[in-house]
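Written out below as structure tokens is the structure these notes cover.
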Amino acid sequence: MSLAALTLLPTQAATRVATYEQAQAKLNDDGYALFIYGKGWDKRAEANTTSLYNAPVVARALGNAAMMLVPLPESMNDEQKATFSGIMGKLALPHPHSKHSFPAVVLYDRNGRQYGSVCGPPMVYPEADRIARLISSRREAKAQQDKLMAQADAAQGEARALLLLKAAQVEGIERPDKVENLIKAADPEDKSGSLAALKFYNNPLGDKINEMDISEALAALDAAISNPLHTVQQKQNACAFAIGLIRRRFGTGPADAIAHYARIMKGLNPDSVLGRSADVVMRDWTTGMQFVRGWAPDSLPLPGVPGELNGKLPIGPAGKYEVRFEPTRGKNQAIISRVALYDGQTLVSEDTRRITLSSPASYYVTSETELKNPRLLITFDNGEKQRDTRGNFIIRKK
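In terms of my numbering, the sequence shown opens at residue 1419 and continues consecutively.
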């Protein structure tokens, strides 16, 4: 919400009260706003939070909410507990396991449900205009959620479940209370997929996915990434899980596969934490096979998937080339099923013999014209448990 938009907010402002009991006389649909700071253990926060509490632009952003300034001692004796309880009344602090910190502006609806908060970095050096914008965005999100909940109340079955899911996925605020139970009641067999989408975090199969063949595991993750019921964050989480799964099990050799998921992750939301991390992933985790280093267990591509041989290749002029594989050590033998020569994206020549390297072996590719952008893609068929193999690449023009 822009500064200009702030000037369009209603002229009424929230009412400042000292306790929950005092708030009852002023209570309306805008609920409560608690300005909570660490009493006695965070003096700067006390000053900053008090300043926000008194800022007119913040009060306007809260509509007609009842505002309360709440000092929170680090540890309370019985007298302090009684005083604190008298201020809070029936309102509860954020759940200990939730993502919160103090100081904070915590927002509650008129029934006492916590629906949103402003905390963390914005509250370290808080600017009244910025905090007002963040409060406004939380209230707008709540209005959107309330509208979806009203639509859900008028629907049944799968349609109701889908509306409840959308209400739970509104960004920036908490889910509606007991929304999982509401979805189960509306769609007991989860025909809509709403319950599965609500519970989805980073992969659809849990720990089982770690035991699956990599192609099956990635297929399941691809389905999750393309699922229209999943949020952008959920899809990015699936991309990150896919990258981690490949990296843990196969190293950086499957460079194309890792880069594939990193690009999707960035494209979904380049400004998010995972979106920004994609560039680092592509820089540090996509080394792949290097011509000068040969192959090793952590540089092989995925089984049956072509991997590019990186580096300055001695290929260019028209003619026939020998691509020789010389194994050096390892308890497994390298299995090669294809060597393909490309000029950019154009396939020029390929040798598709499948050879298990008990000794050095050569593949041959040919170009009738000079290559402008020569590339070699090599397919290894070594399975996940057969990757203990090392060797060198030699390329010669015949």
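Ideal Cβ positions, reconstructed from N, Cα and C, are used throughout, including at glycine.
Taking Met-1485 as the centre and dropping the five residues before and after it, the same chain places the C-beta of Ala-1432, Arg-1434, Ala-1451 closer than 6 Å to its C-beta, in chain order. Beta-bridge pairing by DSSP links Pro-1672 to no other residue. DSSP places Tyr-1455 in the strand class (E or B) of the three-state scheme. Spanning the alpha carbons of Arg-1711 and Tyr-1781 requires a straight line of approximately 19 Å.
Going by C-alpha positions, Arg-1681 is about 26 Å away from Gly-1801. Just measuring C-alpha positions, the residue of Leu-1759, Arg-1548, Arg-1771, Lys-1617 sitting nearest Gln-1651 is Lys-1617. Taken in chain order, the complete beta strand (DSSP E) segments of 3 residues or longer contained in the segment 1462–1530 are 1484–1491, 1522–1526. Per the DSSP secondary-structure output, Thr-1774 pairs in a beta bridge with Ile-1753. Proximity of the segment 1653–1673 to the segment 1606–1616 falls short of the contact definition, fewer than three beta-carbon pairs being nearer than 8 Å. By the C-beta criterion, the segment 1436–1450 is judged to be in contact with the segment 1469–1485, since at least 3 inter-stretch pairs fall below 8 Å. Put simply, the segment 1534–1549 touches the segment 1504–1523. At least three CB pairs are less than 8 Å apart.
Comparing alpha carbon positions, the residue from Met-1707, Ser-1633, Tyr-1760, Leu-1581 closest to Gly-1734 is Tyr-1760. Sequence-distant Cβ neighbours of Arg-1548 in its own chain, meaning closer than 7 Å and more than five residues away, are Pro-1540. The Cβ atoms of Tyr-1739 and Arg-1793 do not sit closer than 9 Å to each other.
Here the alpha carbons of Met-1506 and Trp-1703 stand approximately 50 Å from one another. For Arg-1578, the CB contacts under 6 Å within the same chain, skipping 5 residues up- and downstream, are Ala-1570, Ala-1604 in chain order.
Around the beta carbon of Thr-1787, fewer than 16 other beta carbons lie within 10 angstroms, which makes this residue exposed.
Leaving aside the five residues that flank Gly-1504 on each side, the residues in its chain whose CB is nearer than 7 Å to its CB run, in chain order, Thr-1437.
The Cβ atoms of Leu-1636 and Ile-1664 sit closer than 9 Å to each other.
Rounded to the nearest whole angstrom, the C-alpha separation of Gly-1729 and Ser-1717 is 14 Å. Straight-line measurement puts the Cα of Gln-1804 at about 17 Å from the Cα of Phe-1743.
Using a Cβ distance threshold of 9 Å, Thr-1807 and Pro-1745 count as a contacting pair.
Taking 8 Å as the upper bound for CB-CB distance, Ala-1642 and Ala-1656 are in contact here, some 4 Å apart.
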